[in-house]
DNA sequence: CGTTTAATTGAAAGCAGTCAAACTATGTGG
DNA sequence: CCACATAGTTTGACTGCTTTCAATTAAACG
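Protein chains in written order, with our numbering: chain Y, 3 to 246; chain V, 3 to 246.
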């Protein structure tokens, strides 16, 4: 018996917005699951396929992605450790997007039926799952705004702020910055830009002293400055009182 | 007692994806609500405010919208009659976006607490509400793709196809087209474009014979052509077997 | 080390934005 | 019913942000 259930992360995440009773908590931990370690870029779900399981990201990063008919890619959301990846498809018969790991990642695979049953029987868990979905929707709306109405520099700064705050909320980022394990092409796919322009924009932010880069590591020396350039306000993350 | 409850539309919408028992159905119809007729551009919810009620759109159009710090607007979703507008905020304490009527519209205002209680007590209704949220998320993802990775012509064509299919699914559009009561500026705000460019793009589509316009009325003479230009596939709408 | 992938840089082209003005509805008050 | 005011549409000229295409440099990997 593991000292810490692999699903403890999920249970903690779910209880972040809703108080779960100890019974509820235990029921989450008792979900059947398989642990897998996946290579970068592994597909967890493919558009058009029926979702059969719910993957919970235990470590690493993952993202949702869609392709146009011409093959252009848009990353529509990013995910850090602790997040359930398939709540979005839990009640839909056909996946409308792809989910891929960004890095090597550990996931817990929970059978779809087990999770649905848990949600069906425990209103508090259902409540928590709903909130999780709603927060993701909120982030999705902000991404739409970001891509639709901000220029490249603000768009990139905004994303860097968002990731900083989300990682910080999970205790995964410190004052020395964080690792953002995305290629510039992937950043472009997340921002609706080309890799070339991401490169130029990164350098602009860097030479303005707004970020310090070292490979994929990012440090934000003056949060307020980057926040202003990125027009970032963390409210849409619904994390609770945090930063500014 | 009204021959048809104003909430019948909502009940029908909810039962579109999940079988509701007659008890569930009746419980939805029995929700307390106030009917209001609202002028165009009336705010139903403001960013930063606590959501106190759940508005159900009985007739007309509405949209969600966010603003950048510089005042640029992005419409992040469109809504047609029959949709519940505040499920997105039902469990969040502070609104992260604005909701406005697009046209004159009738809404039923349901107290937030009543809806939450209904969902708490009726798993099938909770299930249906969750699906409604998930479908909206799916649409949001497609919008992100549309804005991030398609050029103006495809973007506009895609939106016109989406609205056509959504209205058709509600029986609100016929073979003679439909009224899209948006100004070109609003179309721009929905597509991440300027009004000027929307105008030029509309004329491009028009002169290519892909759409026929008369004021705000749109007819699509050759669905397949516009669909191809807009790279449109309706799967993300999760409406069920429909069109192509 | 050689190979592959990612990052970087330059030059040129293009899509969409900006600014401004004219035109067309729509609506109002006289 | 007309004159005027307002909101929305249309058009033109110009600018510019971002893309595209290509080539070079740097890093990661076996």
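All C-beta atoms in this analysis are idealised placements derived from N, C-alpha and C, irrespective of residue type, glycine included.
| Query | Result |
| --- | --- |
| Run through chain Y and tell me which residues come within less than 9 Å of residue 125 of chain V, C-beta to C-beta. | 121, 122, 123, 125 and 128 |
| Can you find at least 3 beta carbon pairs, one from the region 57-67 of chain Y and one from the region 106-113 of chain Y, that sit closer than 8 Å? | yes |
| Residues of chain Y with CB closer than 8 Å to the CB of residue 135 of chain V, please, in chain order. | 132, 135, 136 and 139 |
| Pair every Cβ in the region 124-141 of chain V with every Cβ in the region 203-218 of chain V, then say whether three or more of these pairs are closer than 8 Å. | no |
| For residue 16 of chain V, which residues of its own chain have a beta-carbon under 6 Å away from its beta-carbon, when the five flanking residues on both sides are left out? | 130 |
| Give the residues of chain V in contact with residue 240 of chain Y, contact being defined as C-beta atoms less than 9 Å apart. | 94, 95, 96 and 98 |
| Indicate whether residue 92 of chain V and residue 66 of chain V have their beta-carbon atoms separated by less than 8 Å. | no |
| What does the Cβ neighbour count give for residue 219 of chain Y, buried or exposed, with the cut at 16 atoms within 10 Å? | exposed |
| Looking only at C-alpha atoms, which of Y:164, Y:205, Y:188 and Y:55 sits nearest to residue 90 of chain Y? | Y:55 |
| Does residue 104 of chain Y come out as helix, strand or coil in the three-state DSSP assignment? | coil |
| Tell me the DSSP secondary structure of residue 234 of chain V in three-state form. | coil |
| Find the nearest neighbour of residue 286 of chain V within the set V:224, V:167, V:206 and V:161, judged by alpha-carbon distance. | With chain V represented from 3 up to 246, any question about residue 286 of chain V goes unanswered, as that position is not in the structure. |
| Counting pairs of Cβ atoms below 8 Å between the region 150-169 of chain Y and the region 180-199 of chain Y, do you hit three or more? | yes |
| Does chain V have any CB closer than 8 Å to the CB of residue 57 of chain Y? | no |
| Between which residues of its own chain and residue 233 of chain Y is the CB-CB distance below 6 Å, once the five residues before and five after are set aside? | 156 |
| Ignoring anything shorter than 4 residues, give me the alpha helix (DSSP H) runs that lie fully in the region 175-230 of chain V, in order along the chain. | 186-193 and 197-209 |
| Where does the unbroken alpha helix (DSSP H) through residue 123 of chain Y begin, and where does it stop? | 114-123 |
| Kindly indicate which three-state DSSP category residue 37 of chain V falls into: helix, strand or coil? | strand |
| Suppose you measure from the CA of residue 241 of chain Y to the CA of residue 21 of chain Y; what does that come to, to the nearest Å? | 15 Å |
| If residue 82 of chain V and residue 99 of chain V are in contact, beta carbons under 8 Å, what's the gap, nearest whole angstrom? | Wrong, their Cβ atoms sit about 18 Å apart, outside the cutoff. |
| Does the Cβ of residue 198 of chain V have 16 or more other Cβ atoms within 10 Å, making it buried, or fewer, making it exposed? | exposed |
| Can you list, in chain order, the residues of the region 144-157 of chain V whose Cβ is nearer than 9 Å to any Cβ on chain Y? | 144, 145, 146, 147, 148, 149, 150, 151, 152 and 156 |
| What did DSSP end up calling residue 147 of chain V once you bin it into helix, strand or coil? | helix |
| Tell me the DSSP bridge mates of residue 67 of chain V? | V:77 and V:100 |
| What number of angstroms, rounded off, separates the C-alpha of residue 190 of chain V from the C-alpha of residue 125 of chain Y? | 41 Å |
| Is there a Cβ from chain Y that is less than 8 Å from the Cβ of residue 116 of chain V? | no |
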